[in-house]
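Quick notes on the structure that follows.
Protein chains in written order, with this note's numbering: chain S, 94 to 356; chain A, 199 to 460.
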């Protein structure tokens, strides 16, 4: 007996749901729950992580991310303007910078600034400064491309209108074009902050003192000191989500708002 | 102090264009245009699309850089490489086909932003001037609205108020009614008509023949990058001398006329 298209679609949906349930069940059955309980979900032993993972770890992660973002945003804006410049040398420098730092792992940048700069110049930087610069340098390369797209999305007539009112180029950019571009790039910029929050964990390659620990370092430390297996990493991961999920929701809100009105 | 608010008599500037040439690559769009607009005069530029009239208009405030020739605007030699472009543009108001209002600012701020940032007027004075000009275009009651809360015709009138708030001595209109719904065209044209009566120098690119005929002191017909015919509005539109002008006017004035060759 032949099925209608609707019936076929429904059967196909049941089959897909069935496969999903079976896969989950197989995974649960295959898991060694005894080991998991001591090594991954051993929440009884993580007490010593608190309250420092919150008061120090989360705080430092937020500070590092914020500083990296501030540097990244200023650097990114400068690079974006250079990339849109009519002066070829600026464009080449910006393009070279962006391609280079987008193309190498952020970890290498951390190592370069954490170990390379002290070797090269004989200076010993504070960890906060290293994070700020390393994260900022990587972030500025990504943010530059986001901002460039945003600036180009502002209609050409806006600049023309501002210029024809007697505004010099820089004034027209600062007062008219950049504020509009920022509204356009708010959602992708928020996503950029999420990436930075996670990249701030790369600081683990540097030697940190206890007061400089951020979330991931707390997790790694807990692995060796608490005897709860990987459980501390799970806790650290949960704290990242506490930061990133609200940001994600915020980005979605910006997106729907800019879709509703141009303002 | 409040000259900006109370001046109803316009200090008008003239425009003197001679042998203006402009090319994009090998495509020459202005082939030696000479045009004189006296202070307080209203000149309408008409002609088919691609005839170079918009480019000519945009050359006057240097939104397009001419290749050759000279433009004098109210004491400024626009084509002098050392001219202070920003200072010159303060004297020249520009109204665009697409309005180009600043969408992130309300109507009042659209009018006051350049006053405070360029003319260094205080916010209070700038707002006063803006309000005066919004009332002048009949939109004082919508000063708090943002551009996306205004109709096309209202947006264009705010754009005119914005340009007027800089106390220009010359106004350029680039097809100001071409992007409007037919029912809002009249409001914009009546604002322009009043402006002409107040003695503003106006250079208007338009397809509104009735407006040109009524308001313009002179009409200039352009085609293919040259001025084909110019003269008193009544004469150029009413009884054109050149065959190309006749053909153009026959097409625009008679909407039922269908040209098979097109």
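Every residue gets a Cβ at the ideal spot worked out from N, C-alpha and C, and that includes glycine.
Can you give me the Cβ contacts of residue 188 of chain S inside the same chain, cut-off strictly under 7 angstroms, excluding the 5 residues immediately before and after it? 176
DSSP three-state call for residue 139 of chain S: helix, strand or coil? coil
Is there contact between the segment 299-314 of chain A and the segment 344-364 of chain A, where contact requires at least three CB pairs shorter than 8 angstroms? yes
Whose Cβ in chain A lies nearer than 9 angstroms to the Cβ of residue 271 of chain S? Within 9 angstroms Cβ-Cβ: nothing; residue 271 of chain S doesn't reach chain A, min ~10 angstroms.
Using a Cβ-Cβ cut-off of 6 angstroms (strictly less than) and excluding sequence neighbours within five positions of residue 214 of chain A, which residues of its own chain qualify? 234, 270
State yes or no: is the beta carbon of residue 181 of chain S nearer than 8 angstroms to at least one beta carbon in chain A? no
So which residues on chain S does residue 315 of chain A lean against when the C-beta distance must stay under 7 angstroms? 260, 264, 268
Through-space distance from residue 125 of chain S to residue 330 of chain S, alpha-carbon basis: 22 angstroms
Taking C-beta pairs closer than 8 angstroms, name the residues in chain A that residue 274 of chain S reaches, listed in chain order. Those within 8 angstroms of residue 274 of chain S in chain A number zero; the least Cβ separation is about 10 angstroms.
Can you name the residues that DSSP bridges to residue 220 of chain A? A:228
Supposed close pair residue 169 of chain S, residue 116 of chain S - CB separation, criterion 8 angstroms: Contact flag wrong, Cβ pair sits at about 42 angstroms.
Drop a sphere of 10 angstroms on the beta-carbon of residue 460 of chain A, count the other beta-carbons inside from all chains shown, and report buried for 16 or more, exposed for fewer. In this predicted model, residue 460 of chain A has a pLDDT of only 43, less than 50, meaning its place in the structure is not dependable; the value taken from the coordinates is given anyway. Residue 460 of chain A should be labelled exposed.
Could you list the residues in the segment 244-267 of chain A with a C-beta less than 8 angstroms from some C-beta on chain S, going in chain order? 259, 261
Only counting runs of 4 or more residues, tell me where the alpha helix (DSSP H) segments fall wholly within the segment 187-251 of chain S, in order along the chain. 199-204, 210-214, 220-246
Buried or exposed by the 16-neighbour rule on C-beta atoms within 10 Å, applied to residue 226 of chain S: buried
Let's see if you can read the secondary structure: which residues bound the beta strand (DSSP E) around residue 372 of chain A? 368-372
Residue from S:114, S:247, S:255, S:230 with nearest C-alpha to residue 160 of chain S: S:230
Taking C-alpha atoms, which residue in A:309, A:247, A:367, A:237 lies nearest to residue 420 of chain A? A:247
Note down, one range per segment and in chain order, each alpha helix (DSSP H) of at least 4 residues found wholly within the segment 294-324 of chain A. 305-315
Is residue 268 of chain A closer than 8 angstroms to residue 216 of chain A when the C-beta atoms are compared? yes
Please report whether the beta-carbon of residue 280 of chain A lies at a distance below 8 angstroms from any beta-carbon of chain S. no
Given this structure, state the Cα-to-Cα distance separating residue 447 of chain A from residue 314 of chain A, to the nearest angstrom. 44 angstroms
Same chain, Cβ closer than 6 angstroms to residue 323 of chain A, neighbours up to 5 away in sequence not counted: none
Go through its chain and collect everything with a Cβ distance to residue 438 of chain A's Cβ below 8 angstroms, but skip five positions before and after it. 419, 427, 444, 447
Residue environment, residue 211 of chain S, which counts as buried when at least 16 other CB atoms sit within 10 Å: exposed
Residue of S:143, S:341, S:321 minimising C-alpha distance to residue 132 of chain S: S:321
Taking 8 angstroms as the CB-CB cut-off, is residue 330 of chain A touching chain S? no
What are the residues that DSSP puts in a beta bridge with residue 271 of chain S? Its beta-bridge partners do not exist; DSSP assigns none.
Could you check whether the Cβ of residue 292 of chain A sits closer than 8 angstroms to any Cβ belonging to chain S? yes
7 angstroms Cβ cut-off: residues of chain A touching residue 250 of chain S: 294, 296, 298
Using the beta-carbon count (16 or more within 10 Å), is residue 198 of chain S buried or exposed? exposed
Give me the chain S residues within the contact set of residue 312 of chain A, using Cβ-Cβ distance strictly less than 7 angstroms, ordered along the chain. 258, 259, 260
Quick check on DSSP: helix, strand or coil for residue 419 of chain A? strand
Closer than 8 angstroms by C-beta to residue 296 of chain A: which residues in its own chain qualify, once you throw out the five before and the five after it? Chain order, please. 377
With a 10 Å radius around its C-beta and 16 neighbouring C-beta atoms as the bar for buried, classify residue 265 of chain S as buried or exposed. buried
Less than 8 angstroms between the CB atoms is what I'm expecting for residue 324 of chain S and residue 147 of chain S, so what's the real figure, rounded? Residue 324 of chain S to residue 147 of chain S, Cβ: 16 angstroms. No contact.
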